[in-house]
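Student: Dropping the structure in here first, questions after.
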Amino acid sequence: MYGIKPGYVLGFHGCDETLRNKVVSKKGIVLEPSKNDYDWLGRGVYFWENNYSRALGFAKYLSKNRPHNKKQNIKKPSVIGAIIDLGDCCDLLDSKYLEEHKIAFNTLKATHDLFEVEIPSNVPLKKNGDLLLRHLDCAVTETANKLKKKVTGKEYDSVRGVFFEGKNLYKNAGFKSKNHIQIAVRNPNCIKGYFIPRSKDNIYP
20 MYGIKPGYVL GFHGCDETLR NKVVSKKGIV LEPSKNDYDW LGRGVYFWEN NYSRALGFAK
80 YLSKNRPHNK KQNIKKPSVI GAIIDLGDCC DLLDSKYLEE HKIAFNTLKA THDLFEVEIP
140 SNVPLKKNGD LLLRHLDCAV TETANKLKKK VTGKEYDSVR GVFFEGKNLY KNAGFKSKNH
200 IQIAVRNPNC IKGYFIPRSK DNIYP
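For the sequence shown, my numbering gives the first residue as 20, with consecutive numbering after it.
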């Protein structure tokens with residue numbers, strides 16, 4: 020009854036400036052969905068919700084750390100904004116969808132146990148680091164979408180989740196330095212438009 024989120028949200032995607040300009044200015048060019056088996060919200064076009072600085076920081080990180088990956092080859096870090104209608108969203112900040120994910124995990128585990136196959140794991144990029152390679156979460160999210168399609172005839176339009184990342188913000192903190200909300204848009208029709216984020220006019224408060 021209250022699963023559909025009203026209104027639009029702003030999403031920000033870190034990328035190369037050339038790609039940003041092409042998507043904004045040329046009809047028919049869109050951001051391609053990510054399909055890595057470690058994408059924690061499953062396949063989709065990824066955005067930081069209302070977080071321009073995090074998107075830019077990620078683009079800068081990719082420009083220095085992944086030049087070998089042609090899809091992630093960023094020469095001039097930039098950010099593209101998007102106006103997003105979440106539609107039928109699997110919102111992992113909502114108890115209903117968290118319970119669905121638990122069912123999806125149990126289904127995934129039962130299937131792997133049946134065929135005696137090891138279930139995927141979430142692993143850090145480096146020792147004692149954040150679990151950035153989320154193979155298990157990706158598999159569970161994709162299972163949740165398959166179960167949704169089996170029951171209703173369609174998958175979720177988007178998936179939304181909070182990511183706890185980074186060092187403690189201060190001693191004994193319950194907050195981390197890189198906490199953020201991400202959205203994976205599975206249905207491209209949910210992206211109502213792209214834009215180049217503008218700078219604040221400091222004349223006005």
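C-beta atoms are modelled at their ideal positions from N, C-alpha and C, and glycine is treated no differently.
Decide if Ser-177 is buried, meaning its Cβ has at least 16 other Cβ atoms within 10 Å, or exposed.
Tutor: buried
Student: DSSP three-state call for Lys-41: helix, strand or coil?
Tutor: helix
Student: Quick one: grab the DSSP three-state call for Ala-158.
Tutor: Ala-158 falls in the helix class under three-state DSSP.
Student: In angstroms with no decimal places, state the Cα-to-Cα distance between Lys-83 and Gly-193.
Tutor: 30 Å
Student: Just curious, the beta strand (DSSP E) that Leu-29 is in, first and last residue?
Tutor: 28–35
Student: Pull up the CB-CB distance for Val-43 and Ile-99, whole angstroms please, since I reckon it's below 8 Å.
Tutor: 7 Å
Student: Using the C-alpha atoms, what's the distance from Val-49 back to Lys-167?
Tutor: 26 Å
Student: Would you check if there are 3 or more beta carbon pairs closer than 8 Å linking the stretch 103–114 to the stretch 131–143?
Tutor: no
Student: Going by C-alpha distance, which of Glu-51, Phe-31 and Gly-47 is nearest Arg-73?
Tutor: Phe-31
Student: Can you look up Leu-152 in the DSSP assignment and give me helix, strand or coil?
Tutor: strand
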